[in-house]
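Numbering (our numbering), first residue to last: 1 to 213.
The C-beta atom is built at its ideal place from N, Cα and C for all residues, glycine as well.
This report refers to the structure that appears directly beneath it.
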Amino acid sequence: MSAKIQGYLITFEGGEGAGKTTQVAKLKQRFQTLGREVVVLREPGGTVISEQIRDVVLGKKNLAMADTTEVLLFQAARAQIYQELVIPALKAGKVVLMDRSRDSSVVYQGMVRGFGRRLIEQLNNISTQKTVPNLTLLLDVPVKIGLKRRRDTGETDRLDNQAQSFHDQVRQAYLTLAKENHLQRWQVVDASQPVEKVEQALWQIIETKLKLS
Ligand code: TYD
């Protein structure tokens, strides 16, 4: 992140049914209890324009979508949310929690769809204006458990309905990134534990990193 940005960007990453959305909501409450201003966003989405792009890119009727279209739509949604919300919030010194961001594209489009990490990182640098998270929390869960959770909630989208092998590749790709731990920003949490345990583990990491306690 460039020097003039004072805030703190935390991204939550992981495969389907890892519980990112639930955890982000819980952690938001914890920050608010401490009186910290916190902004919660999701990708793709988060702004009026990006939510429209989300409907297109995840829409179940859009089965004919070309992979390149998918790559560029995720980036378009990202460009909008960074310009409109993320960068201003960070400049204002806020904590920003994002349910997915640039690493989702590295994993899904770069490593699994095969566009390559280099290309996707170049696009990410354009869409985020070179903003890199201070902390990336990988909620890791075995694919079978994640998919079962997702089916139980009954909310699936175009990408959820991929073969199990797709989701296996996603999990392995995330673990590869976390292992490389570029910029020491990655932390892995076992998300197959009960929700409260996952929350505790995440909060402990955040407290340590942000020196909250
Ligand atoms: P969402 O319903 O937000 O999923 P989840 O609850 O699993 O986070 O759907 C986002 C889907 O879009 C998910 O399958 C991952 C995919 N995705 C990408 O492929 N590339 C990206 O850059 C982003 C942000 C998401």
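Have a look at the DSSP bridge pairing and note the partners of residue i.
i, result
"Leu-139", "Val-189"
"Ile-53", "For Ile-53, which the question treats as bridged, DSSP gives no partner whatsoever."
"Glu-13", "Leu-138"
State the CB to CB distance for the pair residue i and residue j, rounded to an integer number of angstroms; the pair is presumed to be in contact (CB under 8 Å).
i, j, result
"Ala-191", "Asp-140", "6 Å"
"Val-106", "Gly-15", "That belief does not hold up - the Cβ atoms of Val-106 and Gly-15 are roughly 14 Å apart, past 8 Å."
"Thr-128", "Arg-185", "Not really, about 14 Å apart at Cβ, beyond 8 Å."
"Gln-80", "Thr-47", "5 Å"
"Val-188", "Leu-138", "5 Å"
Quick one: what's got a C-beta closer than 6 Å to residue i's C-beta in the same chain, skipping five residues either side?
i, result
"Arg-149", "Gly-17"
"Thr-21", "Asp-99"
"Ser-101", "Thr-11, Glu-43"
"Arg-158", "Leu-58, Lys-60"
"Met-111", "Ala-173"
Please report how far the alpha carbon of residue i lies from the alpha carbon of residue j, in whole angstroms.
i, j, result
"Gln-52", "Ala-77", "9 Å"
"Pro-194", "Ala-201", "11 Å"
"Ala-173", "Arg-113", "11 Å"
For residue i, which residues from the same chain have a beta carbon less than 7 Å from its beta carbon, with the 5 sequence-adjacent residues on both sides left out?
i, result
"Ser-28", "The amino acid at residue 28 is misidentified as Ser; the sequence shows Lys. Answer for Lys-28: Val-38, Val-40, Leu-97, listed in chain order."
"Gln-32", "Val-38"
Please work out which residues of its chain come closer than 8 Å, Cβ to Cβ, to residue i, disregarding the five sequence neighbours upstream and downstream, and give them in chain order.
i, result
"Gly-7", "Ala-89, Leu-90, Lys-91, Ala-92, Gly-93, Lys-94, Val-95, Val-96"
"Ala-3", "With a pLDDT of only 46 at Ala-3, under the threshold of 50, the placement of this residue in the model should not be trusted; the figure read from the coordinates follows. Excluding positions up to five away in sequence, the list is empty."
Buried or exposed for residue i, going by 16 or more other Cβ atoms inside 10 Å?
i, result
"Gly-19", "buried"
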